[in-house]
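Engineer: Residue numbers (the working numbering): 2 to 329.
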């Protein structure tokens with residue numbers, strides 16, 4: 002029997018599946034199917050699928066019954082997958098333990114289950130974890146055809162930003178000079194290099210840079226990616242006027258580095274500035290900061306204003322895409 006399915010290239014399947022799962026649109030009665038490099042993801046409501054995803058009629062096999070955590074708990078727990086790690090965000094430690102036990106007992110594949118024990122903190126943007134199952138916080142995460150080894154106890158990484166990272170990388174053209182100012186383990190930098198860009202990626206977290214170098218090798222882009230451990234404000238002296246594209250993924254404080262971004266920018270440069278702002282004016286403060294830093298030297302053009310996700314009540318994580326053009 003044909004059912005509505007989202008059709009995506011196989012390498013984009015996990016990000017699409019996650020979006021559909023977050024929206025409650027997955028059809029759990031049918032199997033996700035791969036055919037000739039294309040993934041077919043069954044959905045329960047074709048009309049509710051985001052417009053940028055393609056829905057087709059397809060005949061996937063009926064799903065064999067599996068035991069889920071919800072079957073054991075009597076409610077649908079909230080969790081994230083990162084490689085073979087399951088991440089919980091529960092304030093009640095007893096509830097977290099019950100969910101972890103159910104995950105282990107169910108058919109869900111997981112080597113480690115952790116619960117968030119703190120907010121992201123410090124200039125290295127790491128957090129504390131309660132490890133409920135397993136003995137390692139290191140994993141390999143796969144995203145849009147790339148692999149990233151990382152340790153969530155030592156570096157910051159959010160699987161929720163996969164679609165946003167892909168959006169930015171899709172705009173990159175072969176031969177561009179891309180500077181990732183706060184690169185982490187490379188989820189922007191590695192795909193940018195794979196797209197044919199020459200990439201410089203900097204981070205203050207030494208562990209993150211070590212993983213970044215490993216991930217460049219793992220994804221066969223080490224010849225196009227230079228990974229630097231250090232403060233980007235100090236690194237910038239070696240790359241003044243070099244960057245055709247700047248990625249500034251450091252919400253809350255990226256605007257503090259716009260003077261450095263202007264130093265790095267070539268005669269024409271696109272900046273992807275990530276910010277956290279109130280819903281009443283999500284883009285205004287970031288744009289004002291860009292203009293204050295750049296307008297004496299560059300024409301400033303807004304290319305795109307993009308809401309990435311809801312961050313907190315009445316606050317959004319946003320990205321402001323701005324083109325700087327050198328004044329003549």
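Heads up, the beta-carbon is just placed ideally off N, CA and C, and yes, glycines get one too.
1) Within 10 angstroms of the Cβ of residue 278, are there 16 or more other Cβ atoms? Answer buried if so, exposed if not.
2) Looking at residue 156 and residue 209, is the spacing between their C-beta atoms short of 8 Å?
3) Assign residue 20 to one of two classes, buried (16 or more other C-beta atoms within 10 Å of its C-beta) or exposed (fewer than that).
4) Beta-carbon within less than 6 Å of residue 250's beta-carbon, same chain only, minus the 5 sequence neighbours each way: which residues are those?
5) Is it the case that the region 56-65 contacts the region 82-102, given that we only count it when at least three CB pairs across the two stretches are under 8 Å?
6) Which ranges does the beta strand (DSSP E) cover as unbroken runs of at least 3 residues, wholly within the region 107-151, from first to last along the chain?
7) Taking the beta carbon of residue 186 as the centre, do at least 16 other beta carbons fall within 10 Å, making it buried, or is it exposed?
8) Does the distance from the C-beta atom of residue 335 to that of residue 283 stay below 8 Å?
9) Using a Cβ-Cβ cut-off of 6 Å (strictly less than) and excluding sequence neighbours within five positions of residue 3, which residues of its own chain qualify?
10) Tell whether a beta-carbon distance below 8 Å holds between residue 295 and residue 325.
11) Where does residue 174 land, buried or exposed, given buried means 16+ other C-beta within 10 angstroms?
12) According to DSSP, is residue 76 helix, strand or coil?
13) Taking its Cβ as the centre, do 16 or more other Cβ atoms sit within 10 Å of residue 15, making it buried, or is it exposed?
14) For residue 322, which beta-bridge partners are listed by DSSP?
15) Taking the beta carbon of residue 149 as the centre, do at least 16 other beta carbons fall within 10 Å, making it buried, or is it exposed?
16) Whose C-alpha, out of 50, 226, 12, 315, is nearest the C-alpha of residue 35?
17) Can you name the residues that DSSP bridges to residue 5?
18) Starting from residue 18 and walking both ways along the alpha helix (DSSP H), at which residues does that stretch end?
19) Compare the C-alpha of residue 29 against each of 49, 6, 74, 303 and name the closest.
20) Just how far apart, CA to CA, sit residue 273 and residue 312?
21) So, are the CB atoms of residue 238 and residue 180 less than 8 Å apart?
22) How is residue 159 classed by DSSP in three states: helix, strand or coil?
23) Count the other CB atoms, across all protein chains shown, that sit within 10 Å of the CB of residue 177; report buried if there are 16 or more and exposed otherwise.
24) Report the three-state DSSP secondary structure of residue 82 (helix, strand or coil).
25) Starting from residue 26, trace the beta strand (DSSP E) in both directions and tell me its first and last residue.
26) Using only the alpha-carbon positions, how far apart do residue 330 and residue 124 sit?
27) In this structure, does DSSP put residue 167 in helix, strand or coil?
28) My output table needs one value for residue 183: the three-state DSSP class, helix, strand or coil.
29) Quick check on DSSP: helix, strand or coil for residue 48?
30) Sort 49, 54, 23, 67 by Cα distance to residue 82 and report the nearest one.
Structural biologist: Reading from the atomic positions:
1) Residue mapping note: residue 278 aligns to position 277 of the chain shown, counting from 1. The residue is buried, with at least 16 neighbouring Cβ atoms inside 10 Å.
2) The sequence position of residue 209 within the chain shown is 208, counting from 1. The sequence position of residue 156 within the chain shown is 155, counting from 1. Result yes, Cβ atoms of residue 209 and residue 156 sit closer than 8 Å.
3) Within the chain shown, residue 20 is the residue found at index 19, counting from 1. Classification of residue 20: buried, given that the 10 Å Cβ count is 16 or more.
4) The sequence position of residue 250 within the chain shown is 249, counting from 1. Answer for residue 250: 183, 275, listed in chain order.
5) no
6) 113-117, 130-134, 139-144
7) Position 185 of the chain shown, counted from the first residue, corresponds to residue 186. Classification for residue 186: buried.
8) Since the first and last residues shown for the chain are 2 and 329, residue 335 lies out of range.
9) On the chain shown, position 2 is the one that residue 3 refers to. If we look at residue 3 and ignore the five residues flanking it on each side, its Cβ neighbours are 58, 60.
10) By one-based count along the chain shown, residue 295 stands at place 294. By one-based count along the chain shown, residue 325 stands at place 324. Yes.
11) Counting from 1 along the chain shown, the entry for residue 174 is found at position 173. Flag for residue 174 reads exposed.
12) The count along the chain shown starts at 1 and reaches residue 76 at position 75. Coil, per DSSP.
13) Walking along the chain shown from the start, residue 15 turns up at place 14. Its Cβ being crowded by 16 or more others within 10 Å, residue 15 is buried.
14) In the chain shown, residue 322 corresponds to position 321, counting from 1. In DSSP, residue 322 forms a bridge with 273, 305.
15) Counting from one through the chain shown, the residue named residue 149 turns up at place 148. By the neighbour-count rule (16 or more Cβ atoms within 10 Å), residue 149 is buried.
16) Taking the chain shown and counting its residues from 1, the one referred to as residue 35 is at position 34. Nearest C-alpha to residue 35: 12.
17) Looking up residue 5 in the chain shown gives position 4. Residue 5 is bridged to 58.
18) Position 17 of the chain shown holds residue 18. Start and end: 14-23.
19) Indexing the chain shown from 1 puts residue 29 at position 28. Considering only alpha carbons, the answer is 6.
20) By one-based count along the chain shown, residue 273 stands at place 272. By one-based count along the chain shown, residue 312 stands at place 311. If you take the alpha carbons of residue 273 and residue 312, they lie about 18 Å apart.
21) For the purposes of this step, residue 238 is taken as the residue at position 237 of the chain shown. For the purposes of this step, residue 180 is taken as the residue at position 179 of the chain shown. No, the Cβ-Cβ distance between residue 238 and residue 180 is not below 8 Å.
22) For the purposes of this step, residue 159 is identified with residue 158 of the chain shown, where counting begins at 1. Three-state result, residue 159: coil.
23) Position 176 of the chain shown, counted from the first residue, corresponds to residue 177. Residue 177 should be labelled buried.
24) Translated into positions along the chain shown, residue 82 becomes position 81. Three-state DSSP puts residue 82 in a strand.
25) Here residue 26 is taken as the residue at index 25 of the chain shown, counted from 1. Segment: none, residue 26 is in no beta strand (DSSP E) and carries neither H nor E.
26) Missing from the structure shown is residue 330; the chain here goes from 2 to 329 and no further.
27) Position 166 of the chain shown, counted from the first residue, corresponds to residue 167. Reduced to three states, the DSSP call for residue 167 is helix.
28) As a working note, residue 183 is residue 182 in the chain shown. Reduced to three states, the DSSP call for residue 183 is coil.
29) Here residue 48 refers to the residue found at position 47 of the chain shown. Correct three-state label for residue 48: helix.
30) In the chain shown, residue 82 corresponds to position 81, counting from 1. The candidate whose alpha carbon is nearest that of residue 82 is 23.
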